[in-house]
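Asks: Next up is a structure, given as structure tokens.
Number of protein chains: 2
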Amino acid sequence: MDTVADLTEDELIASMLPLLPRGDRTVVPAGDDAAVVEAPDGRFCTTTDVLVEDRHFRRDWGEASDVGWRAAAQNLADVAAMGAEPTSLVVSLVLPAATSVDWVHGLCRGMAEICGPIGVGVVGGDLSGGQQLVVAVTAHGDLGGRPAVLRSGARPGDVLAHAGVLGAAAGGYALLEAGVHAGGEQALVSAFLRPAPPLAAGPRAAAAGASALMDVSDGLLRDAGRMARASAVVLDVDDLAATVPGDLERLADAATRTGQDPVRWMLTGGEDHGLLAAFPGDVRLPDGFRRIGTVREPADHRAGTVLVRGAAPDVGATGWDHFRA
Amino acid sequence: MDTVADLTEDELIASMLPLLPRGDRTVVPAGDDAAVVEAPDGRFCTTTDVLVEDRHFRRDWGEASDVGWRAAAQNLADVAAMGAEPTSLVVSLVLPAATSVDWVHGLCRGMAEICGPIGVGVVGGDLSGGQQLVVAVTAHGDLGGRPAVLRSGARPGDVLAHAGVLGAAAGGYALLEAGVHAGGEQALVSAFLRPAPPLAAGPRAAAAGASALMDVSDGLLRDAGRMARASAVVLDVDDLAATVPGDLERLADAATRTGQDPVRWMLTGGEDHGLLAAFPGDVRLPDGFRRIGTVREPADHRAGTVLVRGAAPDVGATGWDHFRA
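Residue numbers (this note's numbering), protein chains in the order written: chain G, -14 to 310; chain F, -14 to 310.
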């Protein structure tokens, strides 16, 4: 099996390009010094996220295509979280010399599988050798004439809503780590390996008049805390076991098998890449969003607090921290 | 001295943001899920380049700010090489736990030093731990209503021209590697550590009607070969010792001290990030460009060939290859 060290950089790139989607908005595709992408709105969104082997993914946990899918998905989710439609990605790869060419091609295919059907192009990239596999993706999107929806816009009286799933990726991760996944639980493992952010819900939220919107990548509580601080409000989260029972039910078997707490997964599990939104009380929630709480004045609690109703586990200072985890 | 492991990710980011320029075209700066940047042209350029420690830079060869400068510079050069004006960068960093916070701040300052004065914003980023220091930058630019200038547009009869310097970064690299740099040769070391791409020459070339344009990052011969193949022409390069004697003269002392061939540096040295352009014969070369050859029909030589006049060293299959170097 060929490794990347058996090919020249130009040969490797030439073998990758046909696997990657051009994109509906691409004027000049990959191959020149830079790509050119349409920005009909006259503005574009941009965001970047990096995945490092043995930190964000393990090669023995899934296929190369899962890593490509996930690297794209989490960046596309950040674009959707501004209320924008994704248009394009660029990708920098650091590849140890022993990386198989097949693995790199699988990575490309995974990116194509999520990007191709929604018209997103993979329009550029760079390759380097290195000690550890790194996948750095930058995504771009178009706001379609709407204002960007920031995390700082939540106002007292707003409804707090969520689109996507809560805790599924954390459940899948726990199963992988415990080595016990099988059968029906494969769905949770997929939710971790191939998160499916509700991308279309982002522009829908913006069009419906969302006052705040953000990607939930580091866990509901931690990300809600960021929205609460940015908006200088208190977020009052309903009892999730009662509010989104379907999300909890989906986690039951995995919780039993791993001996972990499914409510904790829902509150602190990262990598689901759902969308957290605040909507004015008179707005009908757009498709995909379910009410999970209320935005309150910082009265009894200081601004930036997230209150959790129901039987919440003691989660302390929650969520994922790359340097302290 | 604090290392990145002494801070939370949020604390580290909060300490970096004030060091980074916001940018003249930035609508929503770093801090939300994605940034929003103006694209007055209705299109934007995007390109990405990754730097890996001990492969693209060594921490003991210069300051952190040099690495930040260089990571930004080589991406900005790719934007200029489309004929565009750079508007913004996003940056993904992989930082080993022992990386000092000072080093990270120095990196930010170096990016600010090249981006700030030209109105380019550093509008987003991501951090991760990892084994090896990696700096992945994506740059964006605006075409100002002009067509993008591709590397595939060179036509027989065009003048081949170059803006920037040839061989200086290779000379500086040779001095650093030999450990013999001092005094006057510091200028070459700077040319390697802090390349100064002729950014304004890119849009000038586009406005003047350049038929082809590209960044010279992997050495003149290798990159000229790419232009020749993309354009299906032969590029006939004049005797550089006679054509750009100033570039050669600047290398003389370093060549003596290292025992290397300065013409080889000019032909095959990478990382100068000058611009190679083809202009129709009736175009007056814009400021910064000097004639270095002619674009010819593929008659006696097949398309894609680069001919080198004068006393050229035997350079074989030239230039830098990340996986075979």
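Glycine included, every Cβ here is placed at the ideal spot set by N, Cα and C.
How long is the line joining the alpha carbons of D51(F) and A181(F), rounded to whole angstroms?
Replies: Computed Cα separation, rounded: 12 angstroms.
Asks: For G129(G), does the count of other Cβ atoms within 10 angstroms reach 16, so buried, or fall short, so exposed?
Replies: It is exposed - the Cβ of G129(G) has fewer than 16 other Cβ atoms within 10 Å.
Asks: At a Cβ cut of 7 angstroms, what residues of the segment 17 to 40 of chain F count as close to chain G, listed as they run along the chain?
Replies: Residues D17, D18, A19, A20, V21, V22, E23, A24, P25, G27, R28, F29, C30, T31, T32, T33, D34, V35, V37, R40.
Asks: Where does R287(F) sit, in a helix, a strand or coil, going by DSSP?
Replies: Residue state, collapsed to three classes: coil.
Asks: Answer yes or no: do V218(G) and P132(G) have a C-beta to C-beta separation smaller than 8 angstroms?
Replies: No, the Cβ-Cβ distance between V218(G) and P132(G) is not below 8 angstroms.
Asks: Below 6 angstroms CB to CB, which residues in the same chain sit around A195(G) once its five sequence neighbours on both sides are set aside?
Replies: So the list reads V134, A262, F264, once near-sequence residues are dropped.
Asks: Mind checking R235(F): buried by the 16 CB within 10 Å criterion, or exposed?
Replies: Buried is the call here.
Asks: Run down chain G in chain order and give the residues with a C-beta less than 8 angstroms from the C-beta of M67(F).
Replies: Per Cβ cutoff of 8 angstroms: V13, D17, D18, A19, V21.
Asks: Rounded to a whole number of angstroms, what is the C-alpha to C-alpha distance between G47(F) and A(-1)(F)?
Replies: In a straight line, the C-alpha of G47(F) is about 25 angstroms away from that of A(-1)(F).
Asks: Which residues, taken in chain order from the segment 94 to 111 of chain G, show a beta carbon closer than 8 angstroms to some beta carbon of chain F?
Replies: Listed by position, the residues of the segment 94 to 111 of chain G near chain F (Cβ gap below 8 angstroms) are V108, G109, G110, D111.
Asks: Residues of chain F with a CB under 7 angstroms from the CB of T123(G): which are they?
Replies: Result: T33, V75, T123.
Asks: Quick test of your reading: R294(G) and V222(G), contact by CB under 8 angstroms. State the CB separation rounded to the nearest angstrom.
Replies: Yes, R294(G) and V222(G) are in contact; Cβ-Cβ is about 6 angstroms, under 8 angstroms.
Asks: Does the pairing of the segment 151 to 161 of chain F with the segment 97 to 117 of chain F give three or more beta-carbon distances under 8 angstroms?
Replies: Counting Cβ pairs under 8 angstroms, fewer than three are found: no touch.
Asks: With a cut-off of 8 angstroms, does the C-beta of V64(G) fall near any C-beta of chain F?
Replies: Chain F contact via Cβ: present.
Asks: I want to know whether the segment 108 to 121 of chain G touches the segment 76 to 96 of chain G - three or more CB-CB distances under 8 angstroms.
Replies: With a cut-off of 8 angstroms, the segment 76 to 96 of chain G and the segment 108 to 121 of chain G count as touching, because enough Cβ pairs lie within range.
Asks: What does A1(F) touch in chain G if you count any residue whose Cβ is under 8 angstroms from its own?
Replies: Per the sequence shown, the amino acid found at residue 1(F) is Met instead of Ala. Those within 8 angstroms of M1(F) in chain G number zero; the least Cβ separation is about 13 angstroms.
Asks: Taking the alpha-carbon of A176(G) as reference, which of R214(G), G255(G), V64(G) has the nearest alpha-carbon?
Replies: That would be G255(G), whose Cα lies nearest to the Cα of A176(G).
Asks: How is the beta strand (DSSP E) around T243(F) delimited, first residue to last?
Replies: Premise fails: T243(F) lies in the alpha helix (DSSP H), 237 to 243, not in any beta strand (DSSP E).
Asks: Taking CB distances under 8 angstroms as the criterion, tell me whether M199(G) reaches chain F.
Replies: For M199(G), the answer is yes, since a Cβ of chain F falls inside 8 angstroms of its Cβ.
Asks: By a C-beta neighbour count over all protein chains shown, 10 Å radius and 16 as the cutoff for buried, is V89(G) buried or exposed?
Replies: V89(G) comes out buried.
Asks: Compare the C-alpha of A185(F) against each of T(-12)(F), D200(F), A139(F), R287(F) and name the closest.
Replies: Out of T(-12)(F), D200(F), A139(F), R287(F), D200(F) has the C-alpha closest to the C-alpha of A185(F).
Asks: Where do the ends of the alpha helix (DSSP H) carrying D111(G) lie?
Replies: Careful: D111(G) lies outside any alpha helix (DSSP H), inside the beta strand (DSSP E) at 106 to 114.
Asks: Exposed or buried, what is D(-13)(F) when buried is set at 16 or more other beta-carbons lying within 10 Å of its beta-carbon?
Replies: That one is exposed.
Asks: V248(F) by DSSP, collapsed to three states: which one?
Replies: In this structure, V248(F) counts as helix in the three-state DSSP scheme.
Asks: Residues in the segment 118 to 142 of chain F with C-beta within 8 angstroms of chain G's C-beta atoms, listed in sequence order?
Replies: Cβ contacts with chain G come from V119, A121, T123, A124, H125, G126, L128, A133, L135, R136, S137.
Asks: Around the C-beta of V35(F), are 16 or more other C-beta atoms found within 10 angstroms, so that it is buried, or is it exposed?
Replies: It is buried - the Cβ of V35(F) has at least 16 other Cβ atoms within 10 Å.
Asks: With a 10 Å radius around its C-beta and 16 neighbouring C-beta atoms as the bar for buried, classify Q338(G) as buried or exposed.
Replies: Only positions -14 to 310 of chain G appear in this structure, which leaves residue 338(G) out of reach.
Asks: List the residues of chain G whose Cβ lies closer than 7 angstroms to the Cβ of V79(F), in chain order.
Replies: Neighbours of V79(F) on chain G, chain order: V35, V37, V119.
Asks: Counting only the same chain and skipping the five closest in sequence on each side, list residues whose C-beta sits under 8 angstroms from that of T33(G).
Replies: The residues are N60, A121, V122, T123, A124.
Asks: On the CB-based measure, 16 or more other CB atoms within 10 Å of its CB, does V291(F) come out buried or exposed?
Replies: By the 10 Å Cβ count, V291(F) comes out buried.
Asks: In the DSSP assignment, what are the bridge partners of A262(F)?
Replies: According to DSSP, which records beta bridges pairwise, A262(F) is partnered with A146(F), L198(F).
Asks: Give the straight-line distance between the Cα atoms of R179(G) and V21(G), rounded to the nearest whole angstrom.
Replies: For R179(G) and V21(G), the distance between alpha carbons rounds to 28 angstroms.
Asks: Around the C-beta of E70(F), are 16 or more other C-beta atoms found within 10 angstroms, so that it is buried, or is it exposed?
Replies: The residue is buried, with at least 16 neighbouring Cβ atoms inside 10 Å.
Asks: I'd like to check one pair, V150(G) with G259(G): are the Cβ atoms closer than 8 angstroms?
Replies: Taking 8 angstroms as the Cβ cut-off, G259(G) and V150(G) qualify as a contacting pair.
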